[in-house]
Amino acid sequence: MTRDQALAFLAQCTHGVLATLLPDGRPHPTPVVFGTMGDAVEISMTASRVKTRNLKRDPRATLCAFPEGAWHPYLCAEGRAELIEDPDGQRNLALYRRITGKDPGDLAEYLQAMKREKRLVCRLMIERLYPLG
């Protein structure tokens, strides 16, 4: 599979497991919903999560992505994460639209929730892709 083919497969996926590194080096896997943007994957998260703290300390991460409702085939994307503050919720809104193809039911409430939860966007810059399964 070429890189372009792998990116095309990844663009069709929205579900995966993100593995970050705990302070002692062990992996910390968490289920995520994500959207793709070129050579990057974006994930909404809150500042208080373990995965966020892990990425602040060590930005290396691996995403195992698969089609919704299936575990096979799947693809792993490795890279370094950038954590992007989103004080007005607009970046999370753009991510929501990219993932779902629509606006949230109550836009004002959605934006308030993004602010209240202090959501940010994790942008995983893909350095390596490899298909499995």
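Sequential numbering from 328 applies to the sequence shown in this note's numbering. Just so it is clear, CB atoms sit at the ideal spot from N, CA and C, and this is done for glycine as well.
When DSSP labels each residue in this structure, what does residue i get in the three-state scheme?
i	result
T341	coil
A404	strand
R446	strand
T329	coil
L456	strand
L390	strand
L349	coil
A367	strand
E395	coil
Straight-line CA distance for residue i to residue j?
i	j	result
I411	R353	25 Å
L345	A388	7 Å
L438	R424	13 Å
A421	D351	35 Å
L390	T427	19 Å
Give the C-beta separation of residue i and residue j to the nearest angstrom, bearing in mind that I take them to be a contact with Cβ-Cβ under 8 Å.
i	j	result
V448	D413	6 Å
T341	G362	7 Å
Between residue i and residue j, is the Cβ-Cβ spacing less than 7 Å?
i	j	result
L451	G406	yes
K378	T347	yes
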